[in-house]
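The structure appears right after this line, and notes come after that.
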Amino acid sequence: MQEKRLRQLLRDFRQGRLDENAVLESLRRLPFGDLGHTKVDHHRELRQGFPEVILGEGKTVSQVNAIVREMLRLRDNVLITRVSPAMARGIRRRFTKARYNPLARTVTLRSAPVPRQGKGTILIVSAGTSDLPVAEEARETAEMLGNPVETLYDVGVAGIHRLLHFSKRLRSARVIVVVAGMEGALASVVGGLVNKPIIAVPTSVGYGVGQGGFAALVGMLNSCASGVAVVNIDNGFGAACVASLINRL
Numbered sequence: 001m002q003e004k005r006l007r008q009l010l011r012d013f014r015q016g017r018l019d020e021n022a023v024l025e026s027l028r029r030l031p032f033g034d035l036g037h038t039k040v041d042h043h044r045e046l047r048q049g050f051p052e053v054i055l056g057e058g059k060t061v062s063q064v065n066a067i068v069r070e071m072l073r074l075r076d077n078v079l080i081t082r083v084s085p086a087m088a089r090g091i092r093r094r095f096t097k098a099r100y101n102p103l104a105r106t107v108t109l110r111s112a113p114v115p116r117q118g119k120g121t122i123l124i125v126s127a128g129t130s131d132l133p134v135a136e137e138a139r140e141t142a143e144m145l146g147n148p149v150e151t152l153y154d155v156g157v158a159g160i161h162r163l164l165h166f167s168k169r170l171r172s173a174r175v176i177v178v179v180a181g182m183e184g185a186l187a188s189v190v191g192g193l194v195n196k197p198i199i200a201v202p203t204s205v206g207y208g209v210g211q212g213g214f215a216a217l218v219g220m221l222n223s224c225a226s227g228v229a230v231v232n233i234d235n236g237f238g239a240a241c242v243a244s245l246i247n248r249l
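Okay, structure coming up:
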């Protein structure tokens, strides 16, 4: 439940447009909706500023659809991450307005306009084209959390002149999410160019001693640039959440 809707509910009660029973019925399932297999956290938007996000991975289509239906009952906007093409088809058969981004593996369904809450622009920067699935997950998430978002893709350290060409865009962002695999050096480079908070996302792109993103993770954790924070491997969603919280301050 959005704070705006809750305030309207209280105003309606105070002005006599709703009686006590109607208000109680509206609030009855505010803490969470119990679906048996899932406890849908309706209270999260009031606590954190954005509604619960559904992780599609590991769930069945019927479970996800039941969660979506419960969220839409309170007119929450819906973001589902890690969605396979087969799951996306099953969701869209039930909810025809749902939008699938196959690169990001996300499904979004907006029941209301997303309120603009970010004070500035979040810039999503990727080292290579192979990092785009994680970068796009971050972009979709940041937009659903009410931020203006820009992207700067394929500007890794193998051709550092590409990044330097866009130095003005780097400096104009309020928060920067840097997505990189291999050795993860791009986060340190960006961190050395700007006075903005950097959220670094190691990806599992690479081979050999890259060990599924571990080399990039260690490289980012060992960054000599100040102002660089690191999230888990391939966690574009988590990076966007942190960036969004910073962008609201």
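This note's numbering numbers the first residue of the sequence shown as 1 and each following residue consecutively.
Every residue, glycine too, gets a C-beta built ideally from N, C-alpha and C.
In the structure shown, residue 86 falls within a helical segment according to DSSP collapsed to helix, strand and coil. Residue pairing by DSSP puts residue 150 in a beta bridge opposite 123. Beta-bridge partners of residue 100 (DSSP): 107.
Taking all protein chains shown into account, residue 85 has fewer than 16 neighbouring C-beta atoms within 10 Å of its C-beta and is therefore exposed. Within the same chain, Cβ atoms closer than 7 Å to the Cβ of residue 132 are found at 103, 126, 153, the five residues on either side in sequence being excluded. Taking the CA atoms as reference points, residue 200 sits about 18 Å from residue 158. Residue 199 has 177, 229 as its beta-bridge partners, per DSSP. The beta-carbon separation of residue 245 and residue 173, rounded to 16 Å, does not stay under the 8 Å limit for a contact.
Between residue 139 and residue 129, the C-beta gap is not smaller than 8 Å, which leaves the two residues out of contact. Bounds of the beta strand (DSSP E) holding residue 79 are 78–81. Just so you know, the alpha carbons of residue 72 and residue 241 end up roughly 22 Å apart. A straight-line Cα-Cα distance of about 27 Å links residue 163 and residue 106.
For residue 188, the enclosing alpha helix (DSSP H) starts and ends at 186–191. Only exposed fits residue 58, as fewer than 16 other CB atoms lie within 10 angstroms of its CB. Within the DSSP bridge table, the entry for residue 40 names 33 as partners. Ranked by how close their Cα comes to the Cα of residue 145, the residues 210, 202, 49 have 49 in first place. Taken atom to atom, the span from the alpha-carbon of residue 134 to that of residue 243 is near 15 Å. For residue 247, the enclosing alpha helix (DSSP H) begins and ends at 236–248.
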